[in-house]
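Engineer: Taken in sequence, the protein lines are chains A and B. First residue of the first sequence: 1, per the numbering used here; consecutive thereafter. First residue of the second sequence: 1, per the numbering used here; consecutive thereafter. All residues carry an ideal CB built from backbone N, CA and C; glycine is no exception. Note that this is a predicted model, so its numbers are computed, not measured. One structure follows; several queries about it will come next.
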Amino acid sequence: EVQLVQSGGGVVQPGGCLRLSCAASGFTFEDYAMHWVRQAPGRGLEWVSLISGDGYTYYADSVKGRFTISRDNSKNSLYLQMCSLRAEDTAMYYCADAYRSSSSQYWGQGTLVTVSS
Amino acid sequence: DIQMTQSPSSLSASVGDRVTITCRASQSITSYLNWYQQKPGKAPKLLIYAASTLQSGVPSRFSGSGSATDFTLTISNLQPEDFATYYCQQSSLTPYTFGQGTKLEIK
């Protein structure tokens, strides 16, 4: 059974940093690119970042230069390091696989990040 | 960036109805178009990828069509569990943008 188990959310002050983790199991993690997608309260889905199996990275303009996606294939884990956080980064963050046509068939349970003083 | 415009933003329908949601891309994305269903408090669920390929396990009352810039998601014979919010997403070029969503409500 495929599982994506997320951790690392919480409350952080504006300008601070937070690291999200996503532990994968049930599939050959290194063979798959992975996404981060977020959803602000009451809003729609926003694609955040993508990392290929061998580490190429892509970002939304809204997070470029502030967020860093990474992975450790030896630990079957995906990460999102978020710095210079702003109130508008407050959202539920999901990790997800990049399946056929880079769609996402498996999603984590989501982790809430709240940026507030 | 490629902009994705969904319409309508909300829709009321009855059980048994057939509904269509449209998604327009600001430039050609060939067939790199995915559809998701999301219920409150839950992660999105993949319905269709590559514009028209039904994800395994998704009921056949869901169908997708289109190419280039214009796409549709059709739900035939609406069931109570289909009332949710639907999103399109282009995966042709990063950033992989989503449409703003269509909330499907019970009439």
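Any beta carbon from chain B within less than 9 Å of A:R100's own beta carbon?
Structural biologist: At least one chain B Cβ lies under 9 Å of A:R100.
Engineer: Given a cut-off of 9 Å, decide if A:L50 and A:A33 are closer than it, judged by their beta-carbon atoms.
Structural biologist: Yes, the pair counts as a contact, with Cβ atoms nearer than the cut-off.
Engineer: In or out: A:C17 buried (at least 16 other Cβ within 10 Å) or exposed?
Structural biologist: The residue in question, A:C17, is exposed, as its Cβ has fewer than 16 Cβ neighbours within 10 Å.
Engineer: Are the C-beta of A:S104 and some C-beta of chain B separated by less than 9 Å?
Structural biologist: Judged by the 9 Å Cβ criterion, A:S104 is in contact with chain B.
Engineer: What is the DSSP secondary structure of A:E88, reduced to helix, strand or coil?
Structural biologist: Of the three classes helix, strand and coil, the one that applies to A:E88 here is helix, per DSSP.
Engineer: Tell me which same chain residues have a C-beta within less than 8 Å of the C-beta of A:N73, skipping the five on either side of it?
Structural biologist: F29, E30 and G53, listed in sequence order.
Engineer: Is the beta carbon of B:S10 closer than 9 Å to that of B:K107?
Structural biologist: Cβ distance not < 9 Å, so B:K107 and B:S10 don't count as in contact.
Engineer: Starting from B:A68, follow the beta strand (DSSP E) in both directions and report where the run begins and ends.
Structural biologist: That residue, B:A68, is in no beta strand (DSSP E); it is neither H nor E in DSSP.
Engineer: In chain B, what lies closer than 7 Å to A:L45 by C-beta?
Structural biologist: Those are P44, Y87 and F98, listed as they occur along chain B.
Engineer: By the 10 Å Cβ neighbour count, where 16 or more other Cβ atoms means buried, how is B:L93 classified, buried or exposed?
Structural biologist: The residue is exposed, with fewer than 16 neighbouring Cβ atoms inside 10 Å.
Engineer: For A:R19, which beta-bridge partners are listed by DSSP?
Structural biologist: In DSSP, A:R19 forms a bridge with A:Q81.
Engineer: For A:T68 and A:M82, I'd like the C-alpha separation in whole angstroms.
Structural biologist: Cα-Cα distance, rounded: 7 Å.
Engineer: Kindly give me the distance between the Cβ atoms of A:G110 and A:A96, rounded to whole angstroms, as I take these residues to be in contact under 8 Å.
Structural biologist: Not quite, the Cβ-Cβ distance comes to about 10 Å (not below 8 Å), so this is no contact.
Engineer: Tell me, please, which residues DSSP counts as bridged to A:R38.
Structural biologist: According to DSSP, which records beta bridges pairwise, A:R38 is partnered with A:E46 and A:Y93.
Engineer: What does A:Q109 touch in chain B if you count any residue whose Cβ is under 8 Å from its own?
Structural biologist: In chain order: A43.
Engineer: Give me, in chain order, the residues of the same chain whose beta-carbon lies closer than 8 Å to that of B:S55; leave out the 5 immediate sequence neighbours on both sides.
Structural biologist: What sits at residue 55 of chain B in the sequence shown is Gln, not Ser. Once the five neighbours on either side are set aside, the close Cβ partners of B:Q55 are L46, L47, I48 and Y49.
Engineer: Ordered along the chain, which non-local residues of its own chain (more than five positions away) have a Cβ less than 7 Å from that of A:E117?
Structural biologist: Note that residue 117 of chain A is Ser in the sequence shown, not Glu. Around A:S117: Q13 and P14.
Engineer: Can you tell me the Cα-Cα spacing of B:N77 and A:H35, whole angstroms?
Structural biologist: When rounded, the distance between both Cα atoms is 33 Å.
Engineer: List the DSSP bridge partners of B:E105.
Structural biologist: Note: B:E105 sits in a beta bridge opposite B:S12.
Engineer: Taking Cβ to Cβ, would you say B:G99 is nearer than 9 Å to B:Q38?
Structural biologist: No.
Engineer: Find the residues of chain A that neighbour B:T5, judging by a C-beta separation of less than 8 Å, and give them in chain order.
Structural biologist: Within 8 Å Cβ-Cβ: nothing; B:T5 doesn't reach chain A, min ~12 Å.
Engineer: Between the stretch 48-70 of chain A and chain B, which residues of the former have a C-beta closer than 7 Å to a C-beta of the latter?
Structural biologist: Against chain B - using a Cβ distance shorter than 7 Å - the residues of the stretch 48-70 of chain A are L50, Y58, A60 and D61.
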